[in-house]
Every structure is written in C-alpha cells, then in structure tokens.
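Below is one structure, written out as structure tokens; comments come after it.
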Amino acid sequence: MPISNAEQAYELAETGTMDDGQTEAQQSLLPPGPSSSRPYDDLLDPTERSRVPALTVGTIFIVLTVIMLFLNRAVFDPEALDYPYPFLMSSLASLFALAILACIGRVTRLLEGLPALQLGWSHFVQLSAPIGIFHALGIALASIAFAHIAPATVQMLTAFVPLLVLVLTSNLGLRNISRPTIILVIATCGFVGLANLQRGGPFNIWAMFALVGFVLSSAGKLVAVEQCLSVVYNPVIAMYVALPSTLVATLFFVPLLEGRAAFAAFWSHIGLFVLIPYVTLAALHIVSLFFMVAWTSALSTALCALAVEMIVMLFGGLSGAQSSGIRILGYFGASFGLAAYLASRGKVEELRDVVLRKRDSR
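Residue numbers (the UniProt record's numbering): 1 to 362.
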C-alpha cells in the first residue's frame, strides 16, 4: 500500500531512505498507533505523548545530570565531605528508587503491564543484568581513571561515548541511523575532543586502560537501557526490571572494594541530611535517564551528556579557569553540531505529530 507524503517524509527524516511501499521493518520506525505497544504507551495517550518534545525531556535530564555531577563532587571530594565510597551511595540510591517504584505500583496503574510481560527468569536476567554490570563497572573504572588522569584527558575520551552508542545501536539493529546523523555525531564528538586536547598532566597507562573501559561501559549501559526498552516498552516497568540488577551489582563491590570503612564513616560524613537529598536526586536522575532513552534514544541521551560537559566548562570559565582558543573553538563547533542535531530531531517530531494526528483520525 502506498504511504502518504507525511509518512514518507517522516521515514526519510528518520532513516535517510524512502520507498514507494512499506516493509515490516520500515513500519516499525513509524510512530505507533493507539493499539500498538511501544515505550511510554501505558503512561501517555498517543495523542498526548506527541506533545512532549524531546527538548523538554532532554532539558530535565541535563539539569539533573549537572546537579548530580556537582553533588557527587561534594560527596566524594576530599576537600568537601570526603566520603570516597561511590558503590554504597549508588546502592542506596538504587534501593530507594526501587522502593519508591514498588510503592507507586501498589497505588497507581503504572506497573499494571508487568504481569502481562511474562518474563522468564533467563529473559529477565538477559534484559536486566547488562545494565547493572555496565553501571557497576563504570563506577569502578571511573574511580581508578579519574584519580590518575588529567580531567581534560577524561573529557576528551568520554566525548566519544555517543559515537560508540551510534555504532552499537546500529549494529544491534536498534536504530536505523541516517547519514546526516552520523556526520553530525562524528563532528560533535570530534569538536568536544578537540576542545579538551592538551599536553602534559598526570598519566598512568593502567588508568588509561580503565578510562577506555569506563567509556565502553558508559556506552554499553545506554545501549542496554535501549535494548531493555525495546522489549519491555514502558519506561517505568523497564526501571523496575533493571534496578534489581543495578542494586545487586553495586552491592557486590561494596565488601570487595569499600569494606567496613564505608559503613564506619557513613554517619560522620553523610548522615540523613545528606543522604535523603542525595538518594532523592539520584532516583530522579535514574527516572530521567530511562524516560530520555524512551522518548528519544540512547544516542540523544549520550549527546545530552556532551551538553553537560559544555555546561561544566562554562562554569569553569565563569569561575576564572583559563580557556584557550582551541578550547573555545572546539566547544563552539560542538555547540553548533548539537544545535543541528536537535533541529533535525525537532523536524522529525513535527512529522511524527502529523502522522499521529492522521492515524488518530482514521
């Protein structure tokens, strides 16, 4: 059956290709109708979710990411609270988020679709375990890398997380990536890497290996979340599926790497006045991550992390940190690349709205 101009335009914007007829794979790229089962269908009516732009979700995710970045520095920095036990703090945040989800599931309908999934134990582990493993590995490797490598080097390599996400999602068949998107992602990552290119600073070969592992873990976690959402559909249920493995994985490292010292120093360095805001904001950040991937993609989420890097650089410039010409040029180019990517995504959303309104009127 021939497809309409709006549907053709939407398909072209998403994949960079267009045919006279629709294959089953092409049909899966179009926005779902009211009877379909795709991410966030149980949370928003199909006509309503089209009014939630990716820019809004991305802004919330970026704000919470920036807050968590500075909060983590305050908690773990030796010159601040000096509590260098990220596994215990991450475990408490995952436990809090899981408890809140369980309570929400008892008083609302947000977890209604969980029994209908009929996930076997092996399937549950297959969806959940990669997220927890990548999350825990990321914490462990970051602790090693960040302590022995200059921050600019860290930012330079982490800038290529979106590129890894693009490669993984494309190879796994989660997304059909258009050629303009590939060019924009490569250019944006390259400019961020250029902005952080510098000589000198501390260097340790093992810490560099740890940093590479951290970059791979960060990309793997985002792809694992998107893989989970491609099966579980509802982001709230996806969190309920993923959080147990995250909790188990981080708790596994607590006795191995942190031991009793983490508990002994907890009340003197953290206490309830720090713990409650920390786990609350961390839980909100987890929610924003899953909704960001569900509403947009793992690639868009990774690119938003680059925006966080630029925001942190802006704070550094305002606080008096030196900014070289090549650094300014790099971030200017990265900002242009991000703006171009968001503009292209906005056009896709407009086309999606046209398709949704047409389908709802049928």
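Every residue, glycine too, gets a C-beta built ideally from N, C-alpha and C.
With contacts defined by Cβ atoms closer than 9 Å, Val-215 and Thr-158 form a contacting pair. Taking every protein chain shown into account, the CB of Phe-70 has fewer than 16 other CB atoms within 10 angstroms, so this residue is exposed. By the Cβ rule, the region 226-242 counts as touching the region 120-128, because three or more pairs are nearer than 8 Å. The closest CA to that of Pro-162, considering only Ile-149, His-148 and Ile-177, is found on Ile-177.
Following the DSSP letters along the chain, one finds Leu-163 inside the alpha helix (DSSP H) bounded by residues 161-171.
Where Ala-265 is concerned, there is no enclosing alpha helix (DSSP H), because DSSP gives it neither an H nor an E.
Across the structure, Leu-101 and Ala-145 are spaced so that their CA atoms are roughly 33 Å apart. Distance from the CA atom of Ile-237 to the CA atom of Leu-111, rounded to whole angstroms, is 6 Å. Judged by DSSP in its simplified three-state form, Ala-142 adopts helix. Looking from the CA of Asn-72, the closest CA among Ile-62, Pro-84 and Val-165 belongs to Pro-84.
Between the alpha carbons of Leu-329 and Ala-339 lies a distance of about 15 Å. Comparing alpha carbon positions, the residue from Val-231, Leu-141, Ala-207 and Thr-188 closest to Ala-307 is Thr-188.
Taking 9 Å as the cut-off, the Cβ atoms of Ala-150 and Phe-87 do not count as close.
With the rule of 3 Cβ pairs closer than 8 Å, the region 275-289 counts as touching the region 90-97.
Apart from sequence neighbours up to five positions away, the residues of its chain that approach Asn-196 with a beta-carbon distance below 6 Å are Ala-152, Gln-155 and Met-156, ordered along the chain.
Check the Cα spacing between Ala-74 and each of Tyr-341, Ala-343, Phe-252 and Ile-270: the tightest is with Ile-270. Arg-109 sits in coil when the DSSP states are folded into three classes, being neither helix nor strand.
Collapsing the DSSP output to three states places Ser-217 in a helix. In the structure shown, Arg-73 adopts helical secondary structure according to DSSP, grouped into three states. The beta carbon of Ser-218 lies closer than 6 Å to those of Gly-138 and Val-161 in the same chain, with the five residues before and after it left out.
Rounded to the nearest whole angstrom, the C-alpha separation of Ile-60 and Pro-235 is 16 Å. Excluding residues up to 5 positions away in sequence, Val-225, Pro-235, Ala-238 and Met-239 lie with their Cβ nearer than 7 Å to the Cβ of Phe-290 in the same chain. Its chain contains Ser-94, Ile-131, Gly-132 and His-135 as the residues whose beta carbon lies nearer than 7 Å to that of Thr-246, once the 5 sequence neighbours on both sides are disregarded; these appear in chain order. According to the DSSP assignment, Ala-80 belongs to no alpha helix (DSSP H), since it is labelled neither H nor E.
The DSSP-derived three-state label of Tyr-278 is helix. Non-local beta-carbon contacts of Arg-327 in its own chain, meaning distances under 7 Å to residues more than five positions away in sequence, involve Ala-195 in chain order. Per DSSP, reduced to three states, the secondary structure at Tyr-85 is coil, with no helix or strand assignment.
At least 9 Å separates the beta-carbon of Val-57 from that of Ile-311. Of the residues assessed, Cys-304 falls on the buried side of the cut-off, its CB having 16 or more other CB atoms within 10 angstroms. For Ile-183, the enclosing alpha helix (DSSP H) stretches over residues 179-195. By alpha-carbon distance to Val-223, the top candidate from Tyr-331, Ser-300 and Ala-80 is Ser-300.
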